[in-house]
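See structure below.
There are 2 protein chains.
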Amino acid sequence: MRTQQERVERALEQVLPQPALAPGKLHEAMRYAVLGGGKRMRPLLAFAAGEVTHAQPERVVPAALAVELIHAYSLVHDDLPCMDDDDMRRGKPSCHAAFGEATALLVGDSLQSLAFQTLAEPASLTDSNRQLDLLRILAMAAGSRGMAGGQAIDLDSVGKELSVPELEFMHIHKTGALIRAAVLLGAGCGEPLNAENSGKLDRFAKFAGLAFQVVDDLLDVQGDSATLGKTAGKDAMQHKPTYVSALGEVRARELAHDLRSEALAALVSLGPEAARLRELTDFIVMRSN
Amino acid sequence: MRTQQERVERALEQVLPQPALAPGKLHEAMRYAVLGGGKRMRPLLAFAAGEVTHAQPERVVPAALAVELIHAYSLVHDDLPCMDDDDMRRGKPSCHAAFGEATALLVGDSLQSLAFQTLAEPASLTDSNRQLDLLRILAMAAGSRGMAGGQAIDLDSVGKELSVPELEFMHIHKTGALIRAAVLLGAGCGEPLNAENSGKLDRFAKFAGLAFQVVDDLLDVQGDSATLGKTAGKDAMQHKPTYVSALGEVRARELAHDLRSEALAALVSLGPEAARLRELTDFIVMRSN
Numbered sequence: 008m009r010t011q012q013e014r015v016e017r018a019l020e021q022v023l024p025q026p027a028l029a030p031g032k033l034h035e036a037m038r039y040a041v042l043g044g045g046k047r048m049r050p051l052l053a054f055a056a057g058e059v060t061h062a063q064p065e066r067v068v069p070a071a072l073a074v075e076l077i078h079a080y081s082l083v084h085d086d087l088p089c090m091d092d093d094d095m096r097r098g099k100p101s102c103h104a105a106f107g108e109a110t111a112l113l114v115g116d117s118l119q120s121l122a123f124q125t126l127a128e129p130a131s132l133t134d135s136n137r138q139l140d141l142l143r144i145l146a147m148a149a150g151s152r153g154m155a156g157g158q159a160i161d162l163d164s165v166g167k168e169l170s171v172p173e174l175e176f177m178h179i180h181k182t183g184a185l186i187r188a189a190v191l192l193g194a195g196c197g198e199p200l201n202a203e204n205s206g207k208l209d210r211f212a213k214f215a216g217l218a219f220q221v222v223d224d225l226l227d228v229q230g231d232s233a234t235l236g237k238t239a240g241k242d243a244m245q246h247k248p249t250y251v252s253a254l255g256e257v258r259a260r261e262l263a264h265d266l267r268s269e270a271l272a273a274l275v276s277l278g279p280e281a282a283r284l285r286e287l288t289d290f291i292v293m294r295s296n
Numbered sequence: 008m009r010t011q012q013e014r015v016e017r018a019l020e021q022v023l024p025q026p027a028l029a030p031g032k033l034h035e036a037m038r039y040a041v042l043g044g045g046k047r048m049r050p051l052l053a054f055a056a057g058e059v060t061h062a063q064p065e066r067v068v069p070a071a072l073a074v075e076l077i078h079a080y081s082l083v084h085d086d087l088p089c090m091d092d093d094d095m096r097r098g099k100p101s102c103h104a105a106f107g108e109a110t111a112l113l114v115g116d117s118l119q120s121l122a123f124q125t126l127a128e129p130a131s132l133t134d135s136n137r138q139l140d141l142l143r144i145l146a147m148a149a150g151s152r153g154m155a156g157g158q159a160i161d162l163d164s165v166g167k168e169l170s171v172p173e174l175e176f177m178h179i180h181k182t183g184a185l186i187r188a189a190v191l192l193g194a195g196c197g198e199p200l201n202a203e204n205s206g207k208l209d210r211f212a213k214f215a216g217l218a219f220q221v222v223d224d225l226l227d228v229q230g231d232s233a234t235l236g237k238t239a240g241k242d243a244m245q246h247k248p249t250y251v252s253a254l255g256e257v258r259a260r261e262l263a264h265d266l267r268s269e270a271l272a273a274l275v276s277l278g279p280e281a282a283r284l285r286e287l288t289d290f291i292v293m294r295s296n
């Protein structure tokens with residue numbers, strides 16, 4: 008896992024414009040927002056899903072980077088004062104706290120463009136039609152019917168009590184869409200999957216994404232800011248409905264384990280090629296930040 | 008021109024998600040920001056450039072929409088309080104004035120995703136490798152080395168006096184990059200151009216883009232808010248360096264005409280196929296909003 012995280016870090020280093028290029032401050036801020044932090048969960052999922060379809064890891068790199076760049080942009084925009092207004096991210100001042108709001112806005116905008124630029128690189132896959140498929144999957148996952156839409160639902164839910172199905176609807180968009188895209192893009196870099204196995208991967212991604220979010224909600228309550236690298240206790244402070252507010256800590260923890268089991272069950276027939284996806288499922292549920 | 012504007016309007020209508028789809032408010036705000044306004048200058052340029060390469064107009068539609076969606080997103084983000092802080096756009100309250108800042112942020116983000124999704128639609132071109140080329144051109148034009156980078160340079164220049172070459176550097180990024188992309192994408196939907204003619208189109212796009220900006224600067228001084236559909240006199244109020252502040256109105260108007268001549272000169276040998284690009288050049292320089 009460490010090896011792949013380092014591979015991602017080096018590749019992000021290369022794909023992000025150098026601060027020596029104009030506009031230097033924007034490029035510096037983009038690098039600040041992306042490099043030197045983060046678990047790289049989505050790239051790891053992309054590589055792991057690529058193993059299921061025997062994708063060469065270097066073929067998965069553009070997809071892994073693109074998903075991570077979309078994720079990084081979303082964090083920068085989510086932290087802005089008009090959204091979650093958070094000054095801390097990955098253990099350091101958030102992008103707007105360090106570079107100002109206007110620059111942070113442009114950092115997010117530019118990272119989104121860079122994600123699509125990276126995934127459109129020539130010959131990142133031998134089959135350009137499939138490359139276009141991946142671009143479309145990523146764009147849909149990022150947009151108003153995916154991640155950005157999830158943020159909008161999140162905004163509208165502040166101060167409300169949501170039922171578990173309503174929470175699920177929100178998170179399937181907000182975090183689930185991009186996690187699903189990471190899995191589909193990674194798998195899409197290898198041999199074509201039949202419809203049955205493709206459905207299984209999709210099912211895995213859904214449960215893994217939800218498990219990720221339930222654990223996020225738990226960590227917000229149980230973790231401390233130093234370990235999390237971001238402000239702990241924020242959900243309650245901002246009156247956001249979470250799995251913990253809906254279910255309590257004990258049942259939320261049980262739900263995380265149930266979702267882990269469902270995710271693993273979806274992988275059963277995929278054989279040893281899915282070993283790393285299984286590892287990551289455990290990592291998602293056991294993580295402390 | 009009217010026909011093509013209507014074609015663009017109808018196609019935008021279709022590509023934007025309906026407000027009946029969740030999240031409804033976000034979709035409503037996206038439609039508000041994009042539909043029913045705007046000159047559709049960039050789509051018109053894309054169609055006109057497509058005529059040079061004998062592209063079928065319906066083949067140009069996805070490229071024309073994608074460029075317009077990027078433009079629309081940039082207007083929504085530029086109007087935000089942390090940027091230009093403008094409450095009026097296209098003759099009505101700007102997106103954040105109508106829907107709130109957080110929603111406007113997500114509108115811009117979602118429109119950017121939708122632009123790439125639209126351009127990645129299957130079989131929008133018969134040659135998927137060229138479609139990938141167009142996606143990359145658009146991503147680069149939108150990102151930190153293009154439009155968003157131009158915004159960053161613009162931010163840094165507030166309160167400064169810029170020389171004409173410095174202004175040119177800023178605008179080649181801020182407005183020029185996307186206008187160039189409109190021309191290259193439109194032309195890219197037809198028969199391949201040889202390097203010489205491709206260079207000429209590129210040269211045309213550069214001068215047309217600069218002419219567009221010089222006229223924008225003039226209109227900000229000479230126009231009224233009702234005709235412009237946005238707040239007049241804003242550049243001076245915000246201490247932004249412009250061609251008018253650098254050159255005065257008379258010489259700025261002369262520069263616009265010189266740039267028009269340069270743009271037209273670049274088209275000379277392209278024959279009758281470039282007729283509509285010539286018309287648009289005049290429209291760019293003669294427009295009143």
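Residue numbers (the working numbering), protein chains in the order written: chain H, 8 to 296; chain W, 8 to 296. Every residue, glycine too, gets a C-beta built ideally from N, C-alpha and C. It should be emphasised that the depicted structure is a prediction, and the values quoted were computed from it without experimental measurement.
Closer than 8 Å to chain H by CB, residue i
{"i": "alanine 109 of chain W", "result": "yes"}
{"i": "glutamine 138 of chain W", "result": "yes"}
{"i": "arginine 187 of chain W", "result": "no"}
{"i": "serine 101 of chain W", "result": "no"}
{"i": "aspartate 163 of chain W", "result": "yes"}
{"i": "proline 30 of chain W", "result": "yes"}
{"i": "histidine 264 of chain W", "result": "no"}
{"i": "histidine 34 of chain W", "result": "yes"}
Residue burial classification, residue i (beta-carbon count within 10 angstroms, cutoff 16)
{"i": "lysine 167 of chain W", "result": "exposed"}
{"i": "glutamate 203 of chain H", "result": "exposed"}
{"i": "serine 81 of chain H", "result": "buried"}
{"i": "glycine 297 of chain W", "result": "This structure cannot settle anything about residue 297 of chain W, because the visible part of chain W is limited to 8 through 296."}
{"i": "arginine 96 of chain H", "result": "buried"}
{"i": "alanine 194 of chain W", "result": "buried"}
{"i": "histidine 61 of chain H", "result": "exposed"}
{"i": "threonine 10 of chain W", "result": "exposed"}
{"i": "methionine 244 of chain H", "result": "exposed"}
{"i": "histidine 264 of chain H", "result": "exposed"}
{"i": "histidine 246 of chain W", "result": "exposed"}
{"i": "arginine 267 of chain W", "result": "buried"}
{"i": "valine 171 of chain W", "result": "exposed"}
{"i": "aspartate 231 of chain H", "result": "exposed"}
Nearest residue (CA-CA) to residue i, options the options
{"i": "leucine 226 of chain W", "options": "W:Leu200, W:Asp289, W:Lys241", "result": "W:Lys241"}
{"i": "glutamine 124 of chain H", "options": "H:Thr110, H:Thr249, H:Val190, H:Pro69", "result": "H:Pro69"}
{"i": "glycine 31 of chain H", "options": "H:Val114, H:Arg49, H:Glu16", "result": "H:Val114"}
{"i": "alanine 233 of chain H", "options": "H:Asp86, H:Leu121, H:Leu141, H:Asn296", "result": "H:Asn296"}
{"i": "glutamate 128 of chain W", "options": "H:Glu128, H:Leu139, H:Ala127, H:Ser120", "result": "H:Leu139"}
{"i": "valine 83 of chain W", "options": "W:His178, W:Ser117, W:Leu277, W:Met147", "result": "W:Ser117"}
{"i": "threonine 315 of chain H", "options": "H:Val190, H:Ala155, H:Ala149, H:Glu175", "result": "This structure does not reach residue 315 of chain H, given that chain H is present from 8 up to 296, and the question cannot be answered."}
{"i": "glutamate 13 of chain H", "options": "H:Ala36, H:Met48, H:His34", "result": "H:Met48"}
{"i": "glutamate 261 of chain H", "options": "H:Met244, H:Gly236, H:Val292", "result": "H:Val292"}
{"i": "valine 74 of chain H", "options": "H:Val41, H:Asp265, H:Val171", "result": "H:Val41"}
{"i": "glutamate 20 of chain W", "options": "W:Leu121, W:Asp91, W:Thr110, W:Gly98", "result": "W:Leu121"}
{"i": "arginine 210 of chain W", "options": "W:Leu33, W:Arg187, W:Asp91", "result": "W:Arg187"}
{"i": "threonine 110 of chain H", "options": "W:Lys46, W:Gly156, W:Lys237", "result": "W:Gly156"}
{"i": "arginine 137 of chain H", "options": "H:Glu198, H:Tyr39, H:Pro172", "result": "H:Glu198"}
Any C-beta of chain W under 8 Å from that of residue i
{"i": "isoleucine 179 of chain H", "result": "no"}
{"i": "histidine 61 of chain H", "result": "no"}
{"i": "cysteine 89 of chain H", "result": "yes"}
{"i": "isoleucine 160 of chain H", "result": "yes"}
{"i": "alanine 40 of chain H", "result": "no"}
{"i": "leucine 142 of chain H", "result": "yes"}
{"i": "methionine 147 of chain H", "result": "yes"}
{"i": "arginine 152 of chain H", "result": "yes"}
{"i": "methionine 244 of chain H", "result": "no"}
Whole-number beta carbon distance between residue j and residue i, since they are thought to touch under 8 Å
{"i": "alanine 253 of chain H", "j": "leucine 169 of chain H", "result": "7 Å"}
{"i": "leucine 112 of chain W", "j": "cysteine 89 of chain H", "result": "6 Å"}
{"i": "valine 222 of chain H", "j": "arginine 294 of chain H", "result": "7 Å"}
{"i": "glutamate 269 of chain W", "j": "phenylalanine 214 of chain W", "result": "4 Å"}
{"i": "aspartate 224 of chain H", "j": "valine 257 of chain H", "result": "So it is not a contact: roughly 13 Å between Cβ atoms."}
{"i": "alanine 184 of chain W", "j": "glycine 153 of chain W", "result": "3 Å"}
{"i": "leucine 51 of chain H", "j": "arginine 38 of chain H", "result": "Between arginine 38 of chain H and leucine 51 of chain H the Cβ distance is about 21 Å, and since that is not below 8 Å, they are no contact."}
{"i": "aspartate 93 of chain H", "j": "lysine 237 of chain H", "result": "6 Å"}
Taking one C-beta from the region 155-164 of chain H and one from the region 127-136 of chain W each time, how about it: are there three or more such pairs within less than 8 Å? no
Please determine if the region 57-72 of chain W and the region 46-64 of chain H are in contact, where contact requires at least 3 C-beta pairs separated by less than 8 Å. no
Could you say if the region 208-228 of chain W and the region 73-92 of chain W meet the contact criterion of at least three C-beta pairs nearer than 8 Å? no
Decide if the region 260-276 of chain H is in contact with the region 25-41 of chain W; the criterion is three or more beta carbon pairs, one per stretch, under 8 Å apart. no
Inspect the CB distances between the region 171-179 of chain W and the region 147-157 of chain H and report whether three or more fall short of 8 Å. no
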